[in-house]
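Note that the sequence shown covers residues -19 to -1, 1 to 141 in mature numbering (1 follows the signal peptide of the UniProt record, and there is no 0).
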Amino acid sequence: MNPTTLTFGLLDLLTGSWAQHSVTQEPSMTVTPGKTARISLTLGGGLTVSGNRIAFHQQKLGKVPRYLLYYITESNKGKGEGVEDRFVGSGSCSVGYLTINGVQEKDDAVYYCSSWTGSQCTVTQDRGSETEPAPPPQLWGGVTGSGSQVQHCTTRLRVP
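Printed below as a string of structure tokens:
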């Protein structure tokens, strides 16, 4: 089996009055196909997952972003249409997770994990390239709310 490489990078898209709202991730990890990949999103500034929605999107090269899931609490979570059961959202204290059970070649993509505080937000699109696709232009839809802030980071999942 070929290893699957997860490479993490942090990308802040919007800043606001709450400078302490930040997200961090591990720099990299390797997962063997068929095993479990766990992507974590750590909120800074004393924020908790239960008070701030986290969401994950998947974007394959040359394709539009696909909404996977959001998570706030076990009783307040949801998935996008057609998202397989092996994609699971969870969280504890200041850390949110996307777990991909039984990693497959078709999981080769960029994964966007986002967190927001406040009301609905619009995420602006950055320019992408063939090797690093642009972030989803509007993860949340709607308009940027007063005092709201989005933090956004990317995870590239490669299946060689």
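Note that the Cβ used here is the ideal one computed from N, Cα and C, for glycine as well.
What first and last residue would you give for the beta strand (DSSP E) that runs through Lys60? 57 to 60
Assuming Lys58 contacts Gly77 under a Cβ cut-off of 8 Å, what Cβ separation, rounded to an integer in Å, is found between them? Going by Cβ atoms, the distance from Lys58 to Gly77 rounds to 10 Å, so no, they are not a contact pair.
Checking 8 Å against the spacing of the C-beta atoms, do Ile35 and Ser95 come in under that value? yes
Going along the chain, which residues of its own chain have a beta-carbon closer than 8 Å to the beta-carbon of Ser31, five neighbours each way excluded? Ile53, Thr54, Gly72
On the criterion of 16 or more Cβ atoms from any shown chain inside 10 Å, does Asp88 qualify as buried, or is it exposed? buried
Please state the DSSP three-state secondary structure of Gly77. strand
Taking buried to mean at least 16 other C-beta atoms within 10 Å of its own C-beta, is Ile81 buried or exposed? buried
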